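Inspection log for the structure reproduced underneath, given as structure tokens.
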Amino acid sequence: MSGQELVRELSKEIGKLKKERNAVILSHLYQRPEVQDVADFVGDSLGLARQAAGTAAEVIVFCGVHFMAESAAILSPDKIVVLPDEHAGCPMADMVNEVELARKKREMPDATVVCYVNTSAEVKAESDIACTSANAVKVISSLPEDKPILFVPDKNLGSYIASKTGREMAVWDGFCNTHDRLTADDLMKAKAAHPSAMVMVHPECRPEVVGMADVVASTTGMIRFARENSAREFIVGTEMGILHPLHKQCPDKHFYMASEKLVCPNMKKTTLEKVRRALADLEPRVDVSREIRERAVRCLDRMLEI
Ligand code: 13P
Ligand code: SF4
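Right under this line is the structure:
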């Protein structure tokens, strides 16, 4: 069987199993093209959290990384949440844990703790409010001015929102090792090769890279920008999975990766075969204990209200 025939066959089986299980498939924009194509909804972290909170399905198959599936389990505790590859984690989310965070909070007892959604359920349980790259500026701007802010774990996103809002913030020392790999030198070379292209970057990139961009946006924000902007060429400073929806939604425009290094190996762990197996077995499941969930849901709900 050719590669394409296999994709067609697996996609058909997945569609059938999805109906039998009353399942919804949610996919992040960094997933493999064929995985995005079997999903009911493809989006950024914020859009996916909203879908997970609102779905009527009994089963959520989360094609993304662990913290995303965990957020779905926190927001929809009565659903079965499956993550097709249980090892699909996010190294940045692992750069802060609840013990270290609790220690830092003792040093800053008055601080409002803002966690990037790329964190574990335990870290969310220790935080006051969550944010994603799409709403981080809004979330920070909504906080009382007379209280210090502690932001975890992404130092690059933290530095970007501090500069956009003018708010002083204590920022954790974490980073995404996919986005942080993109250097100013890489971007300079891409700009020299495509001088008419607009530059779009994710705020998880280094400050010097962010400073060279025409637009800084979440993954969904970049797609919207490319669709609505009259430019024909764009340099893309985020994970390469986004090229698939960009090409689909803007077929007459040209997109160039800022660097070939922009690949998140964890996002690529999900395959169609694993999605099929996850639907058939309803495994591997992502569960959050009631004690942690009850504390963590407050910080996600507070974000979704904004
Ligand atoms: P978005 O919220 O923009 O989808 O980003 C999630 C992520 O993991 C970026 O690396
Ligand atoms: Fe985590 Fe970076 Fe991968 Fe996003 S791209 S899931 S932040 S490692």
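Just so we're aligned: the sequence shown equals residues 748 to 1053 in the working numbering. From the three backbone atoms N, C-alpha and C, an ideal C-beta is built for every residue, glycine too. None of these values were measured; they are calculated from a predicted model.
DSSP bridge partner residues for isoleucine 807 (one or two, in chain order): In the sequence shown, residue 807 corresponds to position 60, counting from 1. According to DSSP, isoleucine 807 bridges with Val771 and Val828.
CB of proline 838 within 7 Å of CB of tyrosine 907, strictly: Residue mapping note: residue 838 aligns to position 91 of the sequence shown, counting from 1. Residue mapping note: residue 907 aligns to position 160 of the sequence shown, counting from 1. No, they are not a contact pair.
Glutamate 975 vs histidine 1001 beta-carbon contact at 7 Å: As a working note, residue 975 is residue 228 in the sequence shown. As a working note, residue 1001 is residue 254 in the sequence shown. No, the pair does not count as a contact, with Cβ atoms beyond the cut-off.
Distance, cysteine 952 Cα to serine 1006 Cα: Locating residue 1006 in the sequence shown gives position 259, where the first residue counts as 1. Locating residue 952 in the sequence shown gives position 205, where the first residue counts as 1. Taking the straight line joining both Cα atoms gives about 12 Å.
Coarse secondary structure for arginine 850, derived from DSSP in three states: As a position in the sequence shown, residue 850 is number 103, starting the count at 1. Helix at arginine 850.
Chain-ordered residues, beta carbon under 5 Å from a heavy atom of the ligand 13P: Asp791, Ser792, Thr879, Ser880, Ser965 and Thr966
Rounded separation between lysine 766 and arginine 1045 - CA only: Along the sequence shown, one-based indexing puts residue 766 at 19. Along the sequence shown, one-based indexing puts residue 1045 at 298. Within the model, the alpha-carbon separation for lysine 766 versus arginine 1045 is close to 32 Å.
Neighbourhood of phenylalanine 788 by C-beta, 6 Å cutoff - its chain only, sequence neighbours within 5 removed: For the purposes of this step, residue 788 is identified with residue 41 of the sequence shown, where counting begins at 1. These residues qualify, in order along the chain: Leu773 and Gln798.
Exposed unless 16 or more other CB atoms sit within 10 angstroms - verdict on histidine 991: Walking along the sequence shown from the start, residue 991 turns up at place 244. Buried, since its Cβ has 16 or more Cβ neighbours within 10 Å.
8 Å contact criterion, which leucine 1026 and isoleucine 761 should meet: CB distance rounded: As a working mapping, residue 1026 is identified with position 279 in the sequence shown. As a working mapping, residue 761 is identified with position 14 in the sequence shown. Confirmed, about 6 Å.
Histidine 991 in three-state terms, based on DSSP: Residue mapping note: residue 991 aligns to position 244 of the sequence shown, counting from 1. Three-state DSSP puts histidine 991 in a helix.
CB contact flag (isoleucine 989, serine 889, <7 Å): For the purposes of this step, residue 989 is taken as the residue at position 242 of the sequence shown. For the purposes of this step, residue 889 is taken as the residue at position 142 of the sequence shown. Contact: no.
Beta-carbon gap between valine 812 and alanine 835 smaller than 7 Å: Working through the sequence shown from its first residue, we reach residue 812 at position 65. Working through the sequence shown from its first residue, we reach residue 835 at position 88. Yes.
Asparagine 903: CB within 6 Å of a non-hydrogen atom of the ligand GDP: Absence of the ligand GDP is noted for the structure shown, with the ligand 13P and the ligand SF4 being the only ligands found.
Contact between the segment 849-862 and the segment 878-892 (3+ Cβ pairs under 8 Å): yes
Sequence-distant residues of the same chain with beta carbon closer than 8 Å to alanine 770, five excluded per side: Position 23 of the sequence shown, counting from 1, holds the residue named residue 770. Same-chain partners within the cutoff: Leu764, Ala804, Glu805, Val806, Ile807, Val808 and Leu1026.
Other residues of its chain near isoleucine 827: CB distance less than 8 Å, five sequence neighbours each side excluded: Sequence index remark: in the sequence shown, residue 827 carries index 80 (1-based). Once the five neighbours on either side are set aside, the close Cβ partners of isoleucine 827 are Glu805, Val806, Ile807, Leu1029 and Arg1032.
Assigned exposure category for alanine 940 - 16 Cβ within 10 Å defines buried: Residue mapping note: residue 940 aligns to position 193 of the sequence shown, counting from 1. Exposed, because fewer than 16 other Cβ atoms sit within 10 Å of the Cβ of alanine 940.
Alpha-carbon to alpha-carbon, serine 749 and proline 780: For this step, residue 780 is matched to residue 33 along the sequence shown. For this step, residue 749 is matched to residue 2 along the sequence shown. Cα-Cα distance, rounded: 17 Å.
Rounded straight-line distance, which links the Cα of cysteine 997 to that of leucine 848: Position 101 of the sequence shown holds residue 848. Position 250 of the sequence shown holds residue 997. Rounded to whole angstroms, leucine 848 to cysteine 997 spans 42 Å at the Cα level.
Near the ligand SF4: glutamate 986 beta-carbon under 6 Å from a heavy atom: Translated into the one-based positions of the sequence shown, residue 986 becomes position 239. It does: the Cβ of glutamate 986 is within 6 Å (strictly closer) of some heavy atom of the ligand SF4.
Cβ-heavy atom distance, cysteine 1011 to the ligand SF4, below 6 Å: As a working note, residue 1011 is residue 264 in the sequence shown. The answer is yes for cysteine 1011.
Length of the line joining the Cα atoms of proline 895 and methionine 855: Working through the sequence shown from its first residue, we reach residue 895 at position 148. Working through the sequence shown from its first residue, we reach residue 855 at position 108. Roughly 8 Å separates the two Cα atoms.
Three-state class that DSSP yields for methionine 1014 in the structure shown: Within the sequence shown, the letter at position 267 stands for residue 1014. In this structure, methionine 1014 counts as helix in the three-state DSSP scheme.
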